[in-house]
Amino acid sequence: MHELSIAIDAIDLVSANLAQYPGARVEIVRLSVGIYSGIDPRALEFCFPLASEGTPVEGAKLHIETIPLRIQCHECEADPVISDSLECPLCGSPRITVVSGRDLTLTSLDLILPDEEDA
Amino acid sequence: MTRVSLKSKIMEKNDRLAEVNRAKFKDEGILCINMIGSPGSGKTTLLEAAFRQINDKYNCAVIEGDVKTDNDMRRIEKAGVRALQIQTDGSCHLNAGQIGNMLSRLPISSIDLLIIENVGNLICPVSYDLGEEYRMIVVSVTEGEDKPLKYPSAFMSADMTIITKIDLAPYVDVGPEKLIANALSINPNLKIVSTSAKTGEGMDRFLKLLMNPEGVFDAKRSG
Chain A
114 MHELSIAIDA IDLVSANLAQ YPGARVEIVR LSVGIYSGID PRALEFCFPL ASEGTPVEGA
174 KLHIETIPLR IQCHECEADP VISDSLECPL CGSPRITVVS GRDLTLTSLD LILPDEEDA
Chain B
7 MTRVSLKSKI MEKNDRLAEV NRAKFKDEGI LCINMIGSPG SGKTTLLEAA FRQINDKYNC
67 AVIEGDVKTD NDMRRIEKAG VRALQIQTDG SCHLNAGQIG NMLSRLPISS IDLLIIENVG
127 NLICPVSYDL GEEYRMIVVS VTEGEDKPLK YPSAFMSADM TIITKIDLAP YVDVGPEKLI
187 ANALSINPNL KIVSTSAKTG EGMDRFLKLL MNPEGVFDAK RSG
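Residue numbers (our numbering), protein chains in the order written: chain A, 114 to 232; chain B, 7 to 229.
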């Protein structure tokens, strides 16, 4: 259960970005979670409201996009493909690099700025 | 509503500290291995057996991670190797900052091999780069041959896998060869060694891997 640590890190990162938008309220926090990042999105959703209590992020919704594992094969040199192992699903070669599927990224924020609040 | 696009890595802070550690290991010619495995998989026992054979030839050190107690640190010290203990007090993994703090307490310029024995857990430590050069997954036959399929992220992120307790395989109806095949189906680049710290089987190969993961590690690499 390290999702609580991850939720706290994500909230710190959001808070740091908020410094540029004084008085803004966070409506939505968007994360992308690679399926091999070692993070369980459901556990992260569970921890997020708890971790955001008392922070500028409190009350924000969390939207998680799951990113599949995508690999680039250096043997058959096909375009990057989705795979469920570190082996090229097309030619079976282990000579691959991971393009995506392991990362954990804060992709965007939806903010209500003070002048939008009254609208 | 205003959308702010960020694309920031959430592990950024840990990853930055991990790079600081990695640079330090490189400068000092230290081979650093991050050892990850379930509680009771035999990580400490494997190290004890290995150190009995190599600690007169190489300068080794261990950073132990556990939720509570310094039992493992004391076991490693008893095997004649310098050890430090991190007690996480509930946290399920080590992070790069904790390792950085520990490095100031080690005579790093004289260390050849640094093993970080992570908190017993096959999930959480996987997300935290500690700055290691190699990641080792330790899995015992008693955990079942489908462990790599159940915990693919761990095996996917690793460079090597050590199978332990193979002397017990006949008693638990587990085929080590199936365990190996499952690990390779997730990550075909894994270097895999089967061991029994009890009977000594496979320990020679394990030591070879430890001393020479890519055929380049021969004592102090930076001279």
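We put the CB at the ideal spot given by N, CA and C, even for glycine.
Fair warning: this is a prediction, and the values are worked out from it, not measured in the lab.
> Does DSSP put Lys-84/B in a helix, in a strand, or in coil?
Replying inline: helix
>> Can you check which of these residues, Thr-201/B, Leu-100/B, Ile-121/B and Pro-176/B, is closest to Asp-135/B by C-alpha distance?
In response: Leu-100/B
> alpha helix (DSSP H) containing Tyr-236/B: first to last residue?
Replying inline: Residue coverage of chain B in this structure runs from 7 to 229, which leaves residue 236/B outside it and unanswerable.
>> Could you check whether Met-142/B and Ile-69/B sit closer than 8 Å to each other, using their CB atoms as the reference points?
In response: no
> Near Ile-186/B, what residues of its chain come up, given a Cβ to Cβ distance below 6 Å and the 5 sequence neighbours on each side ignored?
Replying inline: Taken in chain order, the residues that qualify are Ile-198.
>> Within the continuous alpha helix (DSSP H) that includes Arg-111/B, where are the two ends?
In response: Unbroken run through Arg-111/B: none, as it is neither H nor E.
>> Is it buried or exposed, Leu-222/A, if we count other Cβ atoms within 10 angstroms and call 16 or more buried?
In response: By the Cβ neighbour-count rule, Leu-222/A is buried, with 16 or more other Cβ atoms within 10 Å of its own.
> Looking at Leu-37/B and Ala-102/B, is the spacing between their C-beta atoms short of 8 Å?
Replying inline: no
>> To be precise: take each residue of the region 193-209 of chain A, compare its Cβ to all Cβ atoms of chain B, and keep it if any distance is under 7 Å. Which residues remain?
In response: Within the region 193-209 of chain A, the qualifying residues are Ser-198, Leu-199, Glu-200 and Pro-207.
>> Does the contact criterion of 3 or more C-beta pairs under 8 Å hold for the region 110-122 of chain B versus the region 64-79 of chain B?
In response: yes
> Can you list, in chain order, the stretches of the beta strand (DSSP E) that have 3 or more residues and sit fully within the region 136-197 of chain B?
Replying inline: 140-146 and 166-170
> When DSSP labels each residue in this structure, what does Asp-95/B get in the three-state scheme?
Replying inline: coil
> For Gly-109/A, which of helix, strand or coil comes out of DSSP?
Replying inline: Any answer about residue 109/A is impossible in this case: the structure gives chain A only from 114 up to 232.
> What are the residues of the region 141-164 of chain A that lie near chain B, defined by any Cβ-Cβ distance shorter than 8 Å?
Replying inline: Shown in chain order are the members of the region 141-164 of chain A whose Cβ falls below 8 Å from a Cβ of chain B: Leu-144, Tyr-149, Ser-150, Gly-151 and Ile-152.
> Can you name, in chain order, every residue of its own chain whose Cβ lies under 8 Å from the Cβ of Asp-76/B, other than the five neighbours on each side?
Replying inline: Excluding positions up to five away in sequence, the list reads Glu-70, Gln-91 and Gln-93.
>> Taking 8 Å as the cut-off, does the region 140-156 of chain A touch the region 200-210 of chain A (at least 3 CB pairs, one atom from each stretch)?
In response: no
> Using a beta-carbon distance below 8 Å, is Ala-123/A in contact with chain B?
Replying inline: yes
> When the Cα of Lys-156/B is compared with those of Pro-176/B, Thr-50/B and Ile-192/B, which residue comes out closest?
Replying inline: The candidate whose alpha carbon is nearest that of Lys-156/B is Ile-192/B.
> What is the rounded straight-line gap between the Cα of Glu-165/A and the Cα of Asn-65/B?
Replying inline: Note on residue identity: the sequence assigns Ser, not Glu, to residue 165/A. Between Ser-165/A and Asn-65/B, the C-alpha separation is close to 46 Å.
> Using 8 Å as the limit for Cβ to Cβ distance, is Pro-176/B near chain A?
Replying inline: no
> Can you name the start and end residues of the beta strand (DSSP E) that Ala-67/B belongs to?
Replying inline: Ala-67/B: member of the beta strand (DSSP E) spanning 66-72, first to last residue.
>> Quick check: Gly-96/B and Pro-45/B, are their CB atoms within less than 8 Å of each other?
In response: no
>> For Asn-218/B and Lys-74/B, what's the separation of their Cα atoms in angstroms?
In response: Cα to Cα, Asn-218/B sits roughly 33 Å from Lys-74/B.
> Hey, how far is the Cα of Met-209/B from the Cα of Thr-201/B?
Replying inline: When rounded, the distance between both Cα atoms is 6 Å.
> Distance, Cα to Cα, Gly-48/B vs Glu-149/B?
Replying inline: 11 Å
> Would you say Pro-45/B reaches chain A, if we count a Cβ-Cβ gap shorter than 8 Å as a contact?
Replying inline: Output row for Pro-45/B: interface = no.
> Could one say the Cβ of His-187/A lies closer than 8 Å to chain B's Cβ atoms, at least one of them?
Replying inline: no
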